[in-house]
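A short write-up of the structure that comes next.
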Amino acid sequence: MHALSFEPLAPVSYLDRAAAAHGDRTAVVDGGRRFSYAELHDRCGRLAGVLAPLAGGRPVAVLAPNTHVLLEANFGVPWAGVPLVAVNTRLSAGEVRYILEHSRAAVLVHDPVFDELVDAVVDGMARPPRRVRAGDEYERLLAGASPLRVTPEDERALLSINYTSGTTGRPKGVMYHHRGAYLQALAMVGHTGLTPSSVHLWTLPMFHCNGWCFPWAVTAAAATHVCLPRVEPGEVWRLIREEGVTHLNGAPTVLSMLAYASEARPVSPPVRVATGGAPPSPAILRRMGELGFDVTHLYGLTETFGPAMICDWRPEWDGLDAGAQARLKARQGVGNMISCRARVIDERGADVPADGASVGEIALRGNNVMLGYLDENGGIDAEATAQAAPDGWFRTGDLGVVHPDGYVELRDRSKDVIISGGENIASVEVEQAIMDHPAVLEVAVVAAPDEKWGETPAAFVTLQEGAEVDAAEIIEHVRGRLARFKAPRTVTFGELPKTSTGKVQKYVLRDRLWAGTQRRIQ
1 MHALSFEPLA PVSYLDRAAA AHGDRTAVVD GGRRFSYAEL HDRCGRLAGV LAPLAGGRPV
61 AVLAPNTHVL LEANFGVPWA GVPLVAVNTR LSAGEVRYIL EHSRAAVLVH DPVFDELVDA
121 VVDGMARPPR RVRAGDEYER LLAGASPLRV TPEDERALLS INYTSGTTGR PKGVMYHHRG
181 AYLQALAMVG HTGLTPSSVH LWTLPMFHCN GWCFPWAVTA AAATHVCLPR VEPGEVWRLI
241 REEGVTHLNG APTVLSMLAY ASEARPVSPP VRVATGGAPP SPAILRRMGE LGFDVTHLYG
301 LTETFGPAMI CDWRPEWDGL DAGAQARLKA RQGVGNMISC RARVIDERGA DVPADGASVG
361 EIALRGNNVM LGYLDENGGI DAEATAQAAP DGWFRTGDLG VVHPDGYVEL RDRSKDVIIS
421 GGENIASVEV EQAIMDHPAV LEVAVVAAPD EKWGETPAAF VTLQEGAEVD AAEIIEHVRG
481 RLARFKAPRT VTFGELPKTS TGKVQKYVLR DRLWAGTQRR IQ
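Residue numbers (full-length UniProt numbering): 1 to 522.
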């Protein structure tokens, strides 16, 4: 008698099911191109056939906006038997170069819009990756390839590497495993109500935490992916109406762009929206509700495959007034359905009382927590990983409270991270770039309130004795070294407030900037 066998959980298997059960239905809409699930399955298999011999077992990086190319990579790269490295399209050449070198990527698939950036990236690299240019070259390679499918023997094998700035200023490679992505995608199907009749608009960057695992989630539901290379409110509203969009995700800044666009009109039936990166303001939630958008707030990090907590709506809250509902919706919520447990703990690691007042650090554990941080040899950086999860519970660096109903709410951040438009900016990284200027003696960078982006970096600089430089020069200096969105919007010159031991009191600077505003999370 043969023992029953079980296949390892792998998110790419969702495409097998979608092609088998819904092969003739539309899988992808990308501008004028449309692919059925049968066609998408074939293209991803051929992409694997192209990449496997080029990669030689090393990772494949992709630098592309939200197009069918990046979507196909979420299936084709794992089927080639190698990890995917989806690169943030807003980074500078130096930042992209570091990611390629640290991940040891053998291949870089890139969109033609990044030709000049990629030229600058590979210039001077000792081992530049093999470049594959999206468009004619990409299609020619696919047409000449035979489909390939490499399945993981271990569901906790490395699936992808997602880079985050963290708080040290050096990007960290967060290692995702197949099991976590499979279960996270399944959770997103359930929490957002995806079905074969759903139409998902890609307003969230696919490079961000592998699009919160929605490339696999939308496919698991056999729903339709509508690609959107650039978030422009007019185009979003056009696609919502013409393609019958039912679902979209994005940071609160994306919601603001849509809510106050000249094209904004109430939609019916409602569009389900998942938002994260920062708590949405009550005003935005009210406005989106008026337009017919059903918004759910999510909380997570790169290290947790995206959403780790969901602000599940309770039916008994339906009768509350709009203000009360908005306050409840802005909370971070409870652990998601794949058994990601969330705790708020004190300095000893004990749970704080669920009284809505006792503040502690949010800690997470579950199927959707990373394998660890990547080291320079392709393995796990044991020291950095142990520091992040000293007892098996991942420390988020975010401070919060637990309400009597079990819902968690953020109160502050213990790490010096600025979240601007849903993107993390390490204040240390910006400070280091400013310190490279010969006129600078000391610097502190903190979050400043911004109506559009939520937060933006603000720099406080002390100059060397006798030095003269203006704010514009400091800002341009940073833009020459980091992605433009990381550069400070303002520079204030003068002495920095310090403790008796000489430590800069960043909270004093933050309080100065946020005085008179509705304080969210800085």
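The beta-carbon is built from N, C-alpha and C at its ideal position, and this holds for glycine as well.
Endpoints, alpha helix (DSSP H) assigned at residue i
{"i": "N210", "result": "209-212"}
{"i": "I475", "result": "471-479"}
{"i": "R241", "result": "233-242"}
{"i": "S13", "result": "13-22"}
{"i": "Y507", "result": "506-514"}
{"i": "M288", "result": "282-290"}
{"i": "residue 534", "result": "In the structure as shown, the chain starts at 1 and stops at 522, and residue 534 therefore has no counterpart that could be examined."}
{"i": "P457", "result": "It is not in any alpha helix (DSSP H) - P457 instead sits in the beta strand (DSSP E) that spans 454-463."}
{"i": "Y182", "result": "178-192"}
Distance, residue j Cα to residue i Cα
{"i": "S427", "j": "V478", "result": "12 Å"}
{"i": "P205", "j": "R489", "result": "23 Å"}
{"i": "G297", "j": "G400", "result": "Contrary to the premise, residue 297 reads as His rather than Gly in this sequence. Those two C-alpha atoms are separated by around 16 Å."}
{"i": "A388", "j": "R238", "result": "43 Å"}
{"i": "A106", "j": "Q184", "result": "28 Å"}
{"i": "H41", "j": "A19", "result": "6 Å"}
{"i": "L63", "j": "P129", "result": "12 Å"}
{"i": "H225", "j": "V29", "result": "6 Å"}
{"i": "P147", "j": "V417", "result": "43 Å"}
{"i": "S36", "j": "G193", "result": "22 Å"}
{"i": "E347", "j": "G360", "result": "8 Å"}
{"i": "G356", "j": "F394", "result": "22 Å"}
{"i": "P404", "j": "E316", "result": "16 Å"}
{"i": "R34", "j": "L15", "result": "16 Å"}
{"i": "L328", "j": "V254", "result": "20 Å"}
{"i": "S281", "j": "Q332", "result": "13 Å"}
{"i": "S268", "j": "L258", "result": "16 Å"}
{"i": "R314", "j": "L320", "result": "11 Å"}
{"i": "P78", "j": "R90", "result": "24 Å"}
{"i": "T462", "j": "G494", "result": "5 Å"}
{"i": "R46", "j": "R104", "result": "23 Å"}
{"i": "T167", "j": "G422", "result": "Because the pLDDT of T167 is 46, which lies under 50, any placement of that residue in the model is unreliable, and the question is left without a value."}
{"i": "D511", "j": "G277", "result": "22 Å"}
{"i": "G49", "j": "P252", "result": "39 Å"}
{"i": "T302", "j": "S160", "result": "12 Å"}
Residues of its chain near residue i, where Cβ-Cβ distance is below 7 Å and the 5 sequence neighbours each way are ignored
{"i": "Y182", "result": "L9, A10, P11"}
{"i": "G336", "result": "The sequence shown places Asn at residue 336, not Gly. Excluding residues within five positions, the ones whose Cβ falls inside 7 Å are A187, H191, P307, A308, M309, I310."}
{"i": "K498", "result": "V504, Q505"}
{"i": "R287", "result": "A259"}
Contacts around residue i, its chain only, beta-carbon distance under 6 Å, and the 5 residues preceding and following it disregarded
{"i": "L158", "result": "P83, M175"}
{"i": "G300", "result": "G306, P307, A308"}
{"i": "A487", "result": "I475, V478, R479"}
{"i": "L371", "result": "M175, H177"}
{"i": "V445", "result": "S427, V430, E431, P457, A459"}
{"i": "residue 524", "result": "A query on residue 524 cannot be resolved here, the shown segment of the chain reaching from 1 to 522 and no further."}
{"i": "N249", "result": "L204, A274"}
{"i": "F114", "result": "L63"}
{"i": "L108", "result": "A61, P129, R131"}
Minimum C-alpha distance to residue i - residue among the options
{"i": "L141", "options": "L54, L441, R33", "result": "L54"}
{"i": "residue 578", "options": "V369, A259, D30", "result": "The shown model of the chain, from 1 to 522, leaves out residue 578, and the question about it has no answer."}
{"i": "G144", "options": "L51, H22, E235", "result": "L51"}
{"i": "A264", "options": "A274, P404, F293, V189", "result": "F293"}
{"i": "E7", "options": "D154, V199, S339", "result": "D154"}
{"i": "E383", "options": "D24, K172, R46", "result": "K172"}
{"i": "E243", "options": "G32, S5, A471", "result": "G32"}
{"i": "V273", "options": "A322, S198, I345, A342", "result": "S198"}
{"i": "A354", "options": "V402, N377, D381", "result": "V402"}
{"i": "G406", "options": "V352, F75, I240", "result": "V352"}
{"i": "E468", "options": "G234, N377, H437", "result": "H437"}
{"i": "A217", "options": "P152, A439, P229, L201", "result": "L201"}
{"i": "Y138", "options": "V295, V69, G23", "result": "V69"}
The beta strand (DSSP E) enclosing residue i, as first and last residue numbers
{"i": "M309", "result": "306-310"}
{"i": "L371", "result": "L371 -> no beta strand (DSSP E), and no H or E assigned at all."}
{"i": "S420", "result": "417-420"}
{"i": "V440", "result": "440-450"}
{"i": "L248", "result": "247-250"}
{"i": "A426", "result": "423-426"}
{"i": "L158", "result": "158-164"}
Rounded Cβ spacing between residue i and residue j (contact assumed at less than 8 Å)
{"i": "P196", "j": "A223", "result": "6 Å"}
{"i": "I362", "j": "V334", "result": "Not quite, the Cβ-Cβ distance comes to about 12 Å (not below 8 Å), so this is no contact."}
{"i": "L100", "j": "A61", "result": "6 Å"}
{"i": "P215", "j": "N66", "result": "So it is not a contact: roughly 10 Å between Cβ atoms."}
{"i": "L482", "j": "S92", "result": "6 Å"}
Own chain residues within Cβ distance below 8 Å of residue i, not counting five before or after
{"i": "N367", "result": "R179, G180, L183, Q184, I338, S339, C340"}
{"i": "I425", "result": "S165, V417, I418, I419, P457, F485, K486"}
Closer than 7 Å: residue i CB and nearest the ligand NAD heavy atom
{"i": "P128", "result": "This structure lacks the ligand NAD, and indeed carries no ligand of any kind."}
CB contact check: residue i to chain B, cutoff 8 Å
{"i": "L194", "result": "This model lacks chain B altogether, as it is built from one protein chain only."}
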